[in-house]
Each structure stands twice: as C-alpha cells, then as structure tokens.
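2 protein chains.
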Amino acid sequence: TERKLLDAVGGANGGNGVSNEVFRQLVNNTLERRLFYIPSFKIYRGVAGLYDYGPPGCAVKSNVLAFWRQHFVLEENMLEVDCSCVTPEVVLKASGHVEKFTDLMVKDEKTGTCFRADHLLKDFCKEKLEKDLSLTVEKVVELKHVLAMLDDLSAEELGAKIKEYGITSPETKNPLSDPYPFNLMFQTSIGPSAASTGYMRPETAQGIFVNFRDLYYYNGNKLPFAAAQIGQAFRNEISPRQGLLRVREFTLAEIEHFVDPEDKSHPKFVDVANLEFLMFPREEQISGQQAKKLCIGEAVSKGIVNNETLGYFLGRVYLFLTHLGIDKERLRFRQHLANEMAHYAADCWDAEIECSYGWIECVGIADRSAFDLRAHTEKSGVPLVAQEKFSEPREVEKLVITPVKKELGLAFKGTQKMIVEALEAMNEKEAMEMKAALETKGELEFHVCTLGKAVSIKSNMVSISKVIKKEHQRVFTPSVIEPSFGIGRIIYCLYEHSFHTRPSKAGDEQLNVFRFPPLVAPIKCTVFPLVQNPKYEEVAKKISKSLTFGGISHKIDITGNSIGKRYARTDELGVPFAITVDSDTSVTIRERDSKDQIRVNVEEVASVVKAVTDGHITWANAQSRYPSHSSVSVDEE
Amino acid sequence: TERKLLDAVGGANGGNGVSNEVFRQLVNNTLERRLFYIPSFKIYRGVAGLYDYGPPGCAVKSNVLAFWRQHFVLEENMLEVDCSCVTPEVVLKASGHVEKFTDLMVKDEKTGTCFRADHLLKDFCKEKLEKDLSLTVEKVVELKHVLAMLDDLSAEELGAKIKEYGITSPETKNPLSDPYPFNLMFQTSIGPSAASTGYMRPETAQGIFVNFRDLYYYNGNKLPFAAAQIGQAFRNEISPRQGLLRVREFTLAEIEHFVDPEDKSHPKFVDVANLEFLMFPREEQISGQQAKKLCIGEAVSKGIVNNETLGYFLGRVYLFLTHLGIDKERLRFRQHLANEMAHYAADCWDAEIECSYGWIECVGIADRSAFDLRAHTEKSGVPLVAQEKFSEPREVEKLVITPVKKELGLAFKGTQKMIVEALEAMNEKEAMEMKAALETKGELEFHVCTLGKAVSIKSNMVSISKVIKKEHQRVFTPSVIEPSFGIGRIIYCLYEHSFHTRPSKAGDEQLNVFRFPPLVAPIKCTVFPLVQNPKYEEVAKKISKSLTFGGISHKIDITGNSIGKRYARTDELGVPFAITVDSDTSVTIRERDSKDQIRVNVEEVASVVKAVTDGHITWANAQSRYPSHSSVSVDEE
C-alpha cells in the first residue's frame, strides 16, 4: 500500500496536488511502521481513541515538553505544579463539568449502539451535498446552514433535524432515540464505599485553581504570577474519530496566569509587540474574509485583542510553535465568535494549525476573567482572592443599602427575605435610581427576580446612602488568562508539517523524511563506521560515550548496511545528523536536509553535535567553523 | 508547633536522639509550608491518599525523572514508551489484576465504614504488646507471631483472629463483617455503553508487555533489549495511611528488560561488579541476622543473586539512588523470601530505604521469568515470542508423545480427553520413565491431576519416542527482568535523608536546610544584589538571563531582606548556590553546605553554575579554578 501511496505523492511535499487523505495515510503509515505511535492494546484489537507513544514518539513528546518547560516555565518564572488526576465530584461540580461537560448522544433503538448526534447530522448533510445532484438551491443553502450551525444546536433542535431528514442508525438503519446529554468524564469511585464519586480530570486547570491560595502565598502574595502544569487528562468520547486528534486520554500543558482585573498590562509585551503572524479576528470571520497577517502590538492597541497579557501569550505561543517546526503559513490565531465563547470569558483565541484534517485547534488562549476562582470560592467557602495593600489608606466612596426589615416584614410577610436580598444585591446604578425615585415620588415598583414579580417599595422601607470610608487595601478576585496546549495535537501536526519525500539517488523510488528541527528530533544523531573495521568501531563507541555523557540521544549502526540504506532508515526517524567514522582522528558530520558535511576532530564531535542540537549554535555556524567535506560517492547509493 | 519541634530536635540531624515521629513531623511541616507538596483539593478538605506536588516538589520530581532517563534510558539505550492509563478489562484479566489485586476488607456492620482487615489486627496486636502489661509470655509470643505472619494470612485466618480477639470497629465499637477481598483498581467504563469495563492501570508494566512484539521488531528482532516507561499508576487503597508513602495515585518508572532465559549474562556487568553495598539475602533474614555489605560481583558468582542481569540492575539502582542523595548506610537490598515471591519469579530484590516509617520498599527488582508474556500470549492469541536463528540448521532431539486415542477411548470413555492431555503434558523425564515402565512391565499407574486419580496405562495406549529433527531456529518466550521505581517514595525518603538543621549565626534558633545535591535541587541558585542599587540589579538581571538560556532554574531576590534571612529562606528549599552581586565586573558564588565562596567574572558565572549543577565539574573543581572569597561579615547575620 505504502508503495502505491508514495507513487501517488510523487515528488510533492506537504500534500501539494495530492489529496489530503492520501497524504495523511502516507504519513500515518510511516508513523505507525516506525512506531511513533501504536494503537493501545493492539494485540487485544485495541480501544478506540487510545494510543501509545512508541520509542521515537515518546522521545518527540519528551523534547516538546522539555522545550515547553524552558520556553514558558523557566523563561517566565512560572510555578509548576503536578496535581492528581483522580478528582472528587465536588470539585467538578464547582467547575461546571458535572453538569455541562457533555455531548449529545443518540442510541440505536434496537441494538443500543451509541452515536454522537451531531456527527450523524453532519455526515448526512455532507453526503447529501456531495452526492445528491438533484438538490435544489434552497436545499443546498439549508444543508450548508445546518453544517455551520452544528455546534449551536440544542438537543431538541438536533432531534428535530434528525427526524426531519429521516436519519437512521448508520449500519442497521434502525430508528434512533432522541438526543440526550452524555457526560464525557470517566467516572469512578474513590475508596471502597461506592458513595464517593470521583472522575478522571478532563483538564489540568482545576488542580491549579483549587491551589490558588497556597500558590499566591508562595509567590509572596504578589500578582501577577502564573502557575503551570503538564499532565494527563481524560475524555470519554462517545465514538472517537480523527485518529490521533480526538482521543480519550491525552497530555495537556496548561498555564493559568493570574492578574489584577484592573491591570492586564504585561511588562514583557514589548518583547513580542513587533511579531507578525496570521490572525483571524471575529470581524473577518463574520464578514467572510480570510485570516490576515497582523502585528500583535497593533492588534492589542486597536483593541482587536482584549489586553496586553493575552497578546503577550499569543506572541509567545506563536514563537513556541514555530520553533518546534510548525509551518508559520499553516498556523493562525482565530478569535472565538461571541456565541462560541463562554459567557464569562473576556476574549478567547485558538492557535489553529492546518493539517490534512483541516484547521485544528491546538492551543486555546482565553481570558476566563474571575469565573473559576469565584466558582471554587463559592463552593468551598474558602476565599480565593488577592489583596492590594495601599501604601497609604485611601478614601473610598461606598454604597450602603440598609433594608428596614421591620417595615418590609409588615408589608410583605413571608416574601420579606427575598426582597431584602434583592435590595442588597442592587448595583450602584440601580440603587442610586431607586434613591432618586423614593426621594421624589416616595415609592416605586421594584422587580424581584426570585419572586418573578414586582413589588411596591416605599421610602420608609430602605435607606440608601453613600459614605466615605478609609480603606487600607483592596480585596479582589484575580482574572485568569489561560493558554492551554493539546500536546498530542501539536505533535501530530508537527509530524505532518515535517513530513517530506525525496527521490532516492537512483531516482527509482521516493524516500520518506521527517524534517524535524534538532530540538524535536527523537534521535539526534547516528554514528557509524564507514566500513566494518574494529578500529573504527572503537572510535564509534568512544564518540557514543561522549554523546551519552552530554545527554544526546543517538544510535550506533554497525550493521554493515550500505550508507544509502542507513540514511534512508534514519531519515524516516528524522535524525538530523550522522557521524561517519572513516579515520581515527577526525570524522564527518552530515546534516540531513542539506546533505552538507563537515569534518571535525574525534574529541570535539560530541560537543559540536550537542551545541547544534541544543540550539546554542546553528548548522551554518558549525559550517563556518569546520572544513566542509565532500564525498558524493558514499553519500547515497 | 514547628518552633517546639525544632527545639526538640536541637542540633541533631537525621533524627539522632529524636523520636522518629517528631523528626517526621518537623520534615513534613517544612515540606508542606514550603509547598513541596499540598494535600490535593485541600480547600474541599482533601481526599485521603491524594497529594499534589507544589512548585519545589514538582521541580524535584522533574529532576529525579530527568536523571532517571539519563541514567537508565539513555545510558542503556532503552526503548522508552508512553502508554495509556485507561486499560480495558481483558488486559488486566490476563495479568491477574482483576482476580488478585485485592486487599482484605471488613465493614462496620452498622455504619458500613470499611477497614483493611490486616490493619485492624496489626493495630490490635501492637497496642496489646505496648500497653497491656499483664500479657503472659505465651501471649506475647503469639501476638508477635501474628504480626510476623500478617501478610500471609488468608481471609478465613484473618477473620478467625478478628473474632478470637474480639476486635470491633475502631470508633463505633460495632461488630465487623467477615473479611472479603476488595479490588484495588479504580474501575470505570470506556465509551457510552456500560458494558465496556476499564480500569486505571495499577502499574505501567502491562503497557510494555502488550507491545512486546512491536518493540522486539523495532529493536531489529534482537534480544536482549529493555523498554522503559514513566507514568501515573493508580491504586484505590481502602484507607490510606503513611502520608506520602501510601497514596492512591503515583508516578512509576518501570523497566522491562527482555532476555533469553538461557542466557542472563550482561555485557556491562563488569562495570558494576566491584560495587559493595548493604544486601539482605534470604538466608540472613531467616536466620535472624542483619543486612551486610556484599560485593555484587561476588553475590552473583556465589548464586546469592540469581543472574548477572539481575545483579547488574541491583548495581545500577544503587548508583542511581546514592547519586540522588540517598544515604548509602540507610539503603539495603532485601531479597524476597520464598513465600513473598510470586510463584513464577526466579528471584526478587527490593531496594529498601530507611526513613522515619522504617525500611520502605522503593524499588522492586524482579526476575519475573516468562510469566507476563505467556499470560498475554494465551489471552490474546498473539504469540509474544522471540526467535534465535541458527547460523546453520541444528539437529535437535525431540520428544514425541502420541496417545492412541482409539485405545484410550475404549478404555476410559468420557475421561479420555483429560487423559490424552495429561499424557501430552508430560515432561521429558516423566515420559522416558513411562516408556521404560511400559517396555518392561507393559502397564503402569498414571496420576491424572484433572481427574484427581490414577489410571492404568497399557503399552498399546501411547507411543513415546525420540526423533532427531533439523531446526533452523529456536522460538521461545523471553524472560523479563523488571526494575520498578516508586518515584514518590524515593523522593520522600530523599527529603528525610537531605533534611538537616543548623544553628543560626546568633545561635538563638535552629534553621532547616535540605542538603539536596545540585542535580536534585528544585532551584539551582539565587541571585541577589548585596545592597539595593540599580547598577547591581542590572547585573543580577543579566546573570539571570544567562542562567535561563542555560536552562538553570533560579530566583532573583531583590527584596532587600538581610543576607542571613535570604539564606535561611533558600536553605529551606535546598538551593545549593547563591550568587551575590557586589560589583559590576565580578560576583561571588556561595555553596550552601560548606558556606565557601568563590569569586567569578560576571560573564562566566552562569556557565560555572551550570557546569556544577549538571555534574560536569564538582564544587571542589570550581574552587581550584577560581579565587576564594571570604566575607564573614555579610555571610550571616
């Protein structure tokens, strides 16, 4: 199969002129054959949505995470934590996951097989649009509209559409149940009593929120600060599709950056302000335009991006992804539409990477305001707040609303309590309007939500005034800006962006190569003697020892295969450098993509490879320091 | 409280003369106050057995794991994988966990509260022995015997003892149920149908075993090779005790080293053969002796340790743990007694570390023979085997047992099948004895296990012969040698072994210090200007940038606190180096334990700190290269 796929791809890289499916299959065949990933429990026919990282995949993941730690945690002095996956129900009730972390599901009424309701509707519409040539223009418009609205449909609306289109169970053609919500968390019990419900966390963020108070203290009671966490998260998908992109267990790397809601500036914003990259603001999406290159400094100053801190992270995420090897032309930052965004969010942007599946959300960068800390404060009773101490006391005008309970009790009896609460809950504007009305008219109609009606409030029932108070500090709930990275998705897109084919020397076949940057490459270099010779093998072993000491993953190849075959094998693993031992004093280093070679002393070679793979010097630097070596005759066969 | 504890400890380090409990409380207070760990979901009153790693704990863990990767994966060229935590039932049925991974539990018959049966019996015996002065000598012996046998008692025996001693529910004094097994795995459902049972993995090893075939192929179909995995594992303990040592979620680092069962030699054994460390062989335990220093080379050659590969890993584990800072006098390798060991295991040693809880198993190093691969071969139907190709075909003598079914059927009717199976299952010795008996006597009594009785076999019922066959390869199930590391336990013991107190300069108080090796320290160095001065702050920031570039975690402290206070704060985090900026050309580096200082140029300081923390040079090396600096006046206050 792979041979056929390769022929289909021909010399094209990155899927030019080849269908996305063919390109994807070629990449995935290579990934699975070289054990970048393995379907979990494969000998037991696997479990949908679960994948293992095999040796090269595991190394790529380690490298990506190590770079994430360097780029974010270390550079920004973040507080990294590592919290439990098993989570008691109360925490996820507070966060809203128990109630809202659901997908709508339908059941085959006879076999009981479950499907995601939106998937069935989507498949139906797509197939109709592709294959039914008799569709009227109106019908085409309608189906396209349904596809566009898919994420916004309620259970009732989805159910109605499924009925209207006569959609049945895909294989059996049996009727389907009405859509109903299925919670996507893996549920379990903590301890021997079944009473204590727990879930496997669906995200790592909650672990940080519940620890806010301790982390704030650890940071010297100062804002802003960021906490970070890398760890497993779990989503019990109804029927996982999209291979490595929609899985039931995955690694997240999340940052919760806590700021004063009144000051979302960022001291290092200037460092990224001049970066230009593809952005796709809300306006452009609504008006049907394309993503366009914008300068992040400008985007913030024009108010396209809500604040500096959010903008700073957009820039840092852009640098992170492109550094890993994501093609900057296939990376865009898309702003959430108003209807996509949670009601509490101030602004939200997704870093989307284009791959054979389309534009895929890989990093979400959201200003979640104070929602999460408030939710846990309320549920736990522990105030998750910050204080700003004033250098000297400030005079603050305070609104004081004092309901006169006696009068209210006489007038309203049993409903008094709800009216008192409603009065106390008035904001400044409402209260001042009431005060004015009571002063001029002596009474007014006041709508009480909890009663569902208006009551008549008279001037003797409440006193409203403003007083000047001296305050020594301000207590507030911080806002949180959350960049959340789907590590597996980033890695998958990286595979597609790094995958290339090139003709063999003889031109008779296409060879696969992953053009990983050295930073990402699972194996940094191979070491092999040019010919089988005990003396060269000794040198190779000595070099291997120095590489190990330097922490550089590598492979010795003394199989005696031809140089060309060895390169072909290591190219498929994306190994960026090859050291060929052809003397016992100096050796050559070959770079994968340019195929250029330099000659370096045996004693120095490990440190040169380390410097290039750690990113302390570039390959061009190395080339300028060491003599080049040309040996076309042995380079390929 | 902590102040009192400190006074109790006085100048003693490592718990000399202080009760273990006091020492433990002092260490744990420091750990929790400095956020090395946090009880998970603390604001919701936590969940027993779940802990989060706060910032310094998380950094220590990262450092330990990075060193594990360097020491094992990189040095030994292991194949690292990263498998799913969610595991379908079939896998854990094959491994035996569904059936046997249980603890015996009793229930308070009125409240339903659950307890570990062995814990209640243990508590009862201990309390009796400690507090009941009227015990007879016989009773004392009996209770001590029960304590010694605790792990070996069956449900019935435990239940009988609980009845005999009249043990009741600890708080309510209600009667208890009979003990029954409680499975320690967290159970869940995979996908929307409740039919698909899954568990959170109780160990990472199974992920490697089920991938054996692919990994063997990846390794060029060659043995030996090792696969490794770092990841979360889960045990739903009945009622967790022992703080950070017995938890419900933890990080394991496991190695599965696959070898030919006929050749367990190790090419690098010579590298560790001369190491000497505390070993506690089976014989010494039975005869009531102590652990003693043995040379691992000798232990293997004398057969105390079963084979070279097992011995090699004992040595490597010893190097790993002592390198991290585990005290070699409080580290021993204890061999499992015959009754502790799984029936299939060839040999098993635990690396035990002594801490305030006693000797704690932190690494298990077991030769598990072919058990796991065979179990999955049988359950999955996929042969998990290796081949040894012969360079030329070998003539092999093969035993052929051919039961004559017709005759057996006539003689035994319905039980024929079981007799055929029993005949075919004979090993060479049994078969040759039967052959001889049949040739001389014409018949013999043959015991058939599955029938539970002997039957009379006549010479016409079976033919037994030896034939010479030409074979081109040998197919066999590899043995596996498994070093399995409980990372959290190692880290906890490391905390205790690193914890010291020292008097403040004024001598009026005891200060805590974690004497972590630089490799382990969560923060490698602090940078602070000697006095508040913008010029020095600039230098400090410049140094900080170089440290970040080099990947060295550090902290700038420009609080203006006294130097002594700053040292006290950083000592509690175990920071090994402090850079004091007192000029804009050169600065001082102070080492935590010796308090020695050297003077280094601003440009060089980051690379010196990096070299020392990466272990490329020692502090003594650094001292010999750079001038020493004495400034007692500012060192402490």
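Residue numbers (the working numbering), protein chains in the order written: chain A, 34 to 670; chain B, 34 to 670.
Just so it is clear, CB atoms sit at the ideal spot from N, CA and C, and this is done for glycine as well.
What runs of the alpha helix (DSSP H), each 4 residues or longer, lie entirely inside the region 392 to 437 of chain B? 404 to 413
For phenylalanine 258(A): DSSP bridge partner residues: As a position in the first sequence, residue 258(A) is number 225, starting the count at 1. Looking at the DSSP output, phenylalanine 258(A) sits in a beta bridge with Phe291(A).
Would you say alanine 92(A) lies against chain B (beta-carbon separation less than 8 Å)? Sequence index remark: in the first sequence, residue 92(A) carries index 59 (1-based). So yes, alanine 92(A) belongs to the interface.
8 Å Cβ shell around arginine 599(A) - same chain, five flanking residues per side excluded: What you label residue 599(A) is simply residue 566 of the first sequence in a count that begins at 1. So the qualifying residues of the chain are Thr559, Phe561, Asp590, Thr592 and Ala611.
Nearest-angstrom Cα distance between glycine 715(B) and tyrosine 351(B)? The structure shown does not extend to residue 715(B), since chain B spans only 34 to 670, so no value can be given for it.
Reference threonine 603(A), options Arg623(A), Thr618(A) and Asp617(A), closest by Cα: What you label residue 603(A) is simply residue 570 of the first sequence in a count that begins at 1. The shortest C-alpha to C-alpha distance from threonine 603(A) to any of Arg623(A), Thr618(A) and Asp617(A) is the one to Arg623(A).
Which listed residue (Glu316(B), Pro273(B), Phe219(B) and Ile71(B)) has its alpha carbon closest to that of tyrosine 251(A): As a position in the first sequence, residue 251(A) is number 218, starting the count at 1. Checked all of Glu316(B), Pro273(B), Phe219(B) and Ile71(B); the closest Cα to tyrosine 251(A) is Ile71(B).
Going straight from the alpha carbon of leucine 527(B) to that of cysteine 381(B), what length do you get? One-based indexing of the second sequence puts residue 527(B) at position 494. One-based indexing of the second sequence puts residue 381(B) at position 348. Looking at the two C-alpha atoms, the distance is approximately 23 Å.
CB-CB under 6 Å to serine 531(A), same chain, minus the five flanking residues each way: which ones, in chain order? Along the first sequence, one-based indexing puts residue 531(A) at 498. For serine 531(A), where only same-chain residues beyond five positions count, the Cβ hits under 6 Å are Gly358, Phe547, Arg548 and Phe549.
What residues in its chain sit with their C-beta under 7 Å from that of leucine 256(B), if we drop five residues either side in the sequence? The residue given as residue 256(B) occupies position 223 in the second sequence. Same-chain partners within the cutoff: Phe291, Val292, Asp293, Ala419 and Pro511.
Are any of the Cβ atoms in chain A nearer than 8 Å to that of serine 73(B)? As a position in the second sequence, residue 73(B) is number 40, starting the count at 1. So yes, serine 73(B) belongs to the interface.
Residues of the region 311 to 342 of chain A whose Cβ lies closer than 8 Å to any Cβ of chain B, in chain order: none
Pull up the CB-CB distance for threonine 146(A) and serine 202(A), whole angstroms please, since I reckon it's below 8 Å. In the first sequence, residue 146(A) corresponds to position 113, counting from 1. In the first sequence, residue 202(A) corresponds to position 169, counting from 1. Confirmed, Cβ separation roughly 7 Å.
Let me check understanding here. Comparing Cα to Cα, which of Leu347(B), Ala375(B), Pro235(B) and His376(B) lies closest to leucine 364(B)? Reading the second sequence from its first residue, position 331 is the one you call residue 364(B). Closest option to leucine 364(B), Cα to Cα, is Leu347(B).
Cβ closer than 7 Å: which chain D residues qualify as neighbours of threonine 581(A)? The displayed structure is made up of protein chains A and B, and chain D is not among them.
Contacts around serine 52(B), its chain only, beta-carbon distance under 6 Å, and the 5 residues preceding and following it disregarded: Counting from 1 along the second sequence, the entry for residue 52(B) is found at position 19. The answer is none, since no qualifying residue turns up.
Examine chain A for any beta-carbon lying closer than 8 Å to the beta-carbon of leucine 186(B), and answer yes or no. Translated into positions along the second sequence, residue 186(B) becomes position 153. No, leucine 186(B) does not count as interfacial toward chain A.
What residue range does the beta strand (DSSP E) around isoleucine 631(B) cover? In the second sequence, counting from the first residue as 1, residue 631(B) sits at position 598. Run containing isoleucine 631(B): 630 to 634, per the beta strand (DSSP E) assignment.
Under 7 Å Cβ to Cβ from histidine 409(A), same chain only, skipping five residues before and after it: list those, please. By 1-based counting over the first sequence, the position of residue 409(A) is 376. So the list reads Ala127, Phe242, Val243 and Leu417, once near-sequence residues are dropped.
Measuring straight from C-alpha to C-alpha, what distance separates lysine 161(B) and serine 517(B)? On the second sequence, residue 161(B) is found 128 positions in, with the first residue counted as 1. On the second sequence, residue 517(B) is found 484 positions in, with the first residue counted as 1. Distance between the alpha carbons of lysine 161(B) and serine 517(B): 36 Å.
Under 8 Å, CB to CB, which of the residues in the region 74 to 88 of chain B have a partner in chain A? Across the region 74 to 88 of chain B, CB contacts with chain A closer than 8 Å involve Phe74, Lys75, Ile76, Tyr77, Val80, Ala81, Leu83, Tyr84, Asp85, Tyr86, Gly87 and Pro88, in sequence order along the chain.
Which of helix, strand or coil DSSP assigns to glutamine 656(B): By 1-based counting over the second sequence, the position of residue 656(B) is 623. In this structure, glutamine 656(B) counts as helix in the three-state DSSP scheme.
Terminal residues of the beta strand (DSSP E) in which valine 119(B) lies: Here the question's residue 119(B) lines up with position 86 in the second sequence. 119 to 121 is the extent of the beta strand (DSSP E) around valine 119(B).
Just to make sure I have the definition right: I need the residues of chain A whose C-beta is within less than 7 Å of the C-beta of leucine 112(B). Which are they? For this step, residue 112(B) is matched to residue 79 along the second sequence. Those within 7 Å of leucine 112(B) in chain A are Pro88.
Put serine 663(B) into one of helix, strand or coil per three-state DSSP. In the second sequence, residue 663(B) corresponds to position 630, counting from 1. Residue state, collapsed to three classes: coil.
Could you check where the beta strand (DSSP E) with valine 620(B) kicks off and where it finishes? Here the question's residue 620(B) lines up with position 587 in the second sequence. Residue range 619 to 624 is occupied by the beta strand (DSSP E) that includes valine 620(B).
Quick one: does asparagine 207(A) have its CB under 8 Å from some CB of chain B? Reading the first sequence from its first residue, position 174 is the one you call residue 207(A). Taking Cβ atoms only, chain B never reaches closer than 8 Å to asparagine 207(A), which makes this a no.
What residues in its chain sit with their C-beta under 8 Å from that of phenylalanine 445(A), if we drop five residues either side in the sequence? Taking the first residue of the first sequence as 1, we reach residue 445(A) at position 412. Ile452 and Val488.
Suppose contacts are defined by Cβ-Cβ distances below 8 Å. Is isoleucine 497(B) in contact with lysine 462(B) by that definition? Stepping through the second sequence from its first residue, residue 497(B) is reached at position 464. Stepping through the second sequence from its first residue, residue 462(B) is reached at position 429. Cβ atoms of isoleucine 497(B) and lysine 462(B): not closer than 8 Å.
Over what stretch of residues does the beta strand (DSSP E) that includes valine 488(B) continue unbroken? As a first step, residue 488(B) is located in the second sequence; it is residue number 455 there, counting from the start. Its beta strand (DSSP E) spans residues 486 to 491.
Check whether the region 79 to 96 of chain A touches the region 263 to 278 of chain A, taking contact to mean three or more Cβ pairs, one atom from each stretch, closer than 8 Å. yes
7 Å Cβ cut-off: residues of chain A touching glycine 192(B): Locating residue 192(B) in the second sequence gives position 159, counting from the first residue. The contacting residues do not exist; glycine 192(B) stays about 17 Å from chain A at best.
Below 8 Å between beta carbons is the criterion; list the residues of the region 597 to 622 of chain B that meet it against any residue of chain A, in chain order. none
Looking only at C-alpha atoms, which of Ile263(A), Gly397(A), Ala455(A) and Ile556(A) sits nearest to arginine 234(A)? As a working note, residue 234(A) is residue 201 in the first sequence. For arginine 234(A), the nearest C-alpha among the options comes from Ile263(A).
At a CB-CB cut-off below 8 Å, which residues of chain B make contact with proline 121(A)? Within the first sequence, the letter at position 88 stands for residue 121(A). Result: Phe74, Tyr77 and Val80.
Are there 16 or more other CB atoms within 10 angstroms of the CB of tyrosine 569(A), so buried, or fewer, so exposed? Looking up residue 569(A) in the first sequence gives position 536. Its Cβ being crowded by 16 or more others within 10 Å, tyrosine 569(A) is buried.
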